[in-house]
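Visitor: Quick note on the UniProt record's numbering: the sequence shown kicks off at 1 and runs consecutively.
Glycine included, each C-beta is placed from N, C-alpha and C at the ideal position.
None of the values given here were measured: they were computed from a predicted structure.
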Amino acid sequence: PQAAAGEAENSPLPFYWSSQTSFCHYARPNAETARCFGSDRRRVPAMGQPWAAGNSEGAPGRLPLVLTTLWAAAVGLELAYVLVLGPGPPPLGPLARALQLALAAFQLLNLLGNVGLFLRSDPSIRGVMLAGRGLGQGWAYCYQCQSQVPPRSAHCSACRVCILRRDHHCRLLGRCVGFRNYRPFLCLLFHAGGVLLHVSVLLGPALSALLRAHAPLHTAALLLLPWLVLLTGRVSLAQFALAFVTDTCVAGALLCGAGLLFHGMLLLRGQTTWEWARGQHAYDLGPCHNLRAALGPRWALVWLWPFLASPLPGDGITFQTAADGVAS
Numbered sequence: 001p002q003a004a005a006g007e008a009e010n011s012p013l014p015f016y017w018s019s020q021t022s023f024c025h026y027a028r029p030n031a032e033t034a035r036c037f038g039s040d041r042r043r044v045p046a047m048g049q050p051w052a053a054g055n056s057e058g059a060p061g062r063l064p065l066v067l068t069t070l071w072a073a074a075v076g077l078e079l080a081y082v083l084v085l086g087p088g089p090p091p092l093g094p095l096a097r098a099l100q101l102a103l104a105a106f107q108l109l110n111l112l113g114n115v116g117l118f119l120r121s122d123p124s125i126r127g128v129m130l131a132g133r134g135l136g137q138g139w140a141y142c143y144q145c146q147s148q149v150p151p152r153s154a155h156c157s158a159c160r161v162c163i164l165r166r167d168h169h170c171r172l173l174g175r176c177v178g179f180r181n182y183r184p185f186l187c188l189l190f191h192a193g194g195v196l197l198h199v200s201v202l203l204g205p206a207l208s209a210l211l212r213a214h215a216p217l218h219t220a221a222l223l224l225l226p227w228l229v230l231l232t233g234r235v236s237l238a239q240f241a242l243a244f245v246t247d248t249c250v251a252g253a254l255l256c257g258a259g260l261l262f263h264g265m266l267l268l269r270g271q272t273t274w275e276w277a278r279g280q281h282a283y284d285l286g287p288c289h290n291l292r293a294a295l296g297p298r299w300a301l302v303w304l305w306p307f308l309a310s311p312l313p314g315d316g317i318t319f320q321t322a323a324d325g326v327a328s
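1) By alpha-carbon positions, which one of A243, H214 and T219 ends up nearest to residue 330?
2) How many Å lie between G264 and F190 at the Cα?
3) Output the boundary residues of the beta strand (DSSP E) element that contains C162.
4) Per DSSP, what are the beta-bridge partners of A80 in this structure?
5) Between the beta-carbon of residue 331 and the beta-carbon of H155, is there less than 8 angstroms?
6) What number of angstroms, rounded off, separates the C-alpha of T321 from the C-alpha of L308?
7) Please state whether DSSP places R175 in a helix, a strand or coil.
8) Below 8 angstroms CB to CB, which residues in the same chain sit around H198 once its five sequence neighbours on both sides are set aside?
9) Starting from Y141 and walking both ways along the beta strand (DSSP E), at which residues does that stretch end?
10) Roughly how many angstroms separate the alpha carbons of P313 and Q144, rounded to a whole number?
11) For P216 and P90, which I take to be in contact (beta-carbon distance under 8 angstroms), what is that distance rounded to the nearest angstrom?
12) Buried or exposed for V302, going by 16 or more other Cβ atoms inside 10 Å?
13) Rounded to whole angstroms, what is the Cα-Cα separation between L70 and V115?
14) At what residues does the alpha helix (DSSP H) containing A258 begin and finish?
15) May I ask you to verify whether the stretch 178-196 touches the stretch 91-100, counting CB pairs closer than 8 angstroms and requiring at least 3?
16) Our contact map puts T272 next to R166 with C-beta atoms below 8 angstroms; I'd like the distance itself, whole angstroms only.
17) Considering only their Cβ atoms, is the gap separating L173 from L65 smaller than 8 angstroms?
18) Since Y283 and G270 are thought to touch, with beta carbons under 8 angstroms apart, how far apart are those beta carbons, to the nearest angstrom?
19) Determine the closest residue to N290 out of R278, R120, W305 and F319, with distance taken between C-alpha atoms.
20) Put C288 into one of helix, strand or coil per three-state DSSP.
21) Alpha carbons only, please: which of A238, L231 and F185 is nearest the one belonging to L210?
22) Just to confirm the assignment, what range does the beta strand (DSSP E) spanning H169 have?
23) For a test of the three-state rule: what should DSSP assign to H281, helix, strand or coil?
24) Give every residue of the same chain whose Cβ lies closer than 8 angstroms to the Cβ of H281, excluding the five residues on either side of it in the sequence, and list them in chain order.
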């Protein structure tokens, strides 16, 4: 028996989960196991090994990002068309024009930088050593990932993996918002709202000239239902594009502003969206501590430059609570 135990210890058995039988089983991958589990058998990493599941997102997972990129390209092309071939930018003096160009460059660099950081940061449990990190203290077992997951983590059906300190799944960018990419997500909301508002101001003179050429009822229809006005043949394709892009920019700026206000409230309270919906305040340590926990020690400066070094104090696995003030 001791020899057999030593052999088993030196040759660990792979771990399998079967949704048909609804139980976990340690077995060798032989023909008998294949007959027992059928096509539903899956091999997963053993506890104590780094999470090694591959990215199972395919084309459907990248589709939201593709659509968002196409819309952003359409906004950029419409803005370039209006500024170059249309009425041009609003009349400004040399100093005001230079400040406007500097603001546009600042907003664009921050927008692209935060988008890159958001997409490059993996908020999931992949590559995270989860064994021996206080199992049982608020931990749970995820049957989809077949792994123990720490507190505040949750499984995302779209990403097909558990996310550390999961907040929500961002449909526009096709990625979950979690512990590692919450800071670029907040900065992205801030600068995206500013960019869309800036674009709306630049398109304002051209849209105003277009609206003055039509009756009030037609103007209201063009602002609210540009597709319907296009189908009736009352406007050209270029005029429709101008009204549609301006409408979406204004709506996007309002949406980013509302999202920033909502997540700013959660940030100050130390909550995720899931915890806010259930009225949980276990991790609220005060506004200052909550800001440092989510944005790092330079929380007031990260809004100005995406590549500013501001390391997060935690690891996304253990969190300090308001109840006992210790990691749990």
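Guide: Reading it off the structure:
1) Since the first and last residues shown for the chain are 1 and 328, residue 330 lies out of range.
2) Reading the sequence shown from its first residue, position 264 is the one you call residue 264. Reading the sequence shown from its first residue, position 190 is the one you call residue 190. So the two alpha carbons sit approximately 10 angstroms from each other.
3) Numbered from its first residue, the sequence shown carries residue 162 at position 162. Segment V161 to I163, the beta strand (DSSP E) holding C162.
4) For the purposes of this step, residue 80 is identified with residue 80 of the sequence shown, where counting begins at 1. According to DSSP, A80 bridges with nothing at all.
5) This structure cannot settle anything about residue 331, because the visible part of the chain is limited to 1 through 328.
6) Taking the first residue of the sequence shown as 1, we reach residue 321 at position 321. Taking the first residue of the sequence shown as 1, we reach residue 308 at position 308. Cα to Cα, T321 sits roughly 28 angstroms from L308.
7) If you number the sequence shown from 1, residue 175 lands on position 175. Note: R175 maps to strand in three-state DSSP.
8) The residue labelled residue 198 in the question sits at position 198 within the sequence shown. Hits under 8 angstroms: L103, A104 and Q107.
9) Sequence index remark: in the sequence shown, residue 141 carries index 141 (1-based). Looking at the DSSP string, the run of the beta strand (DSSP E) that includes Y141 is A140 to C142.
10) As a working note, residue 313 is residue 313 in the sequence shown. As a working note, residue 144 is residue 144 in the sequence shown. Between P313 and Q144, the C-alpha separation is close to 29 angstroms.
11) Counting from one through the sequence shown, the residue named residue 216 turns up at place 216. Counting from one through the sequence shown, the residue named residue 90 turns up at place 90. That pair is no contact at about 24 angstroms.
12) Taking the first residue of the sequence shown as position 1, residue 302 is located at position 302. V302 comes out buried.
13) The residue labelled residue 70 in the question sits at position 70 within the sequence shown. The residue labelled residue 115 in the question sits at position 115 within the sequence shown. Roughly 15 angstroms between the two C-alpha positions.
14) Position 258 of the sequence shown, counted from the first residue, corresponds to residue 258. Segment L237 to R269, the alpha helix (DSSP H) holding A258.
15) no
16) Taking the sequence shown and counting its residues from 1, one reaches residue 272 at position 272. Taking the sequence shown and counting its residues from 1, one reaches residue 166 at position 166. Yes, they are in contact, since the Cβ atoms of T272 and R166 sit about 7 angstroms apart, within 8 angstroms.
17) Here the question's residue 65 lines up with position 65 in the sequence shown. Here the question's residue 173 lines up with position 173 in the sequence shown. Yes, these two residues count as a Cβ contact at 8 angstroms.
18) As a first step, residue 283 must be located in the sequence shown, where it is residue number 283. As a first step, residue 270 must be located in the sequence shown, where it is residue number 270. Confirmed, Cβ separation roughly 5 angstroms.
19) Your numbering for residue 290 matches position 290 in the sequence shown. Cα-wise, what sits closest to N290 is F319.
20) Position 288 of the sequence shown, counted from the first residue, corresponds to residue 288. Correct three-state label for C288: helix.
21) For this step, residue 210 is matched to residue 210 along the sequence shown. Nearest option by C-alpha distance: A238.
22) Numbered from its first residue, the sequence shown carries residue 169 at position 169. Counting along the chain, the beta strand (DSSP E) containing H169 begins and ends at H168 to C170.
23) On the sequence shown, residue 281 is found 281 positions in, with the first residue counted as 1. H281 falls in the coil class under three-state DSSP.
24) Locating residue 281 in the sequence shown gives position 281, counting from the first residue. Cβ neighbours of H281 beyond the five flanking positions: R269, G270, Q271, E275 and A322.
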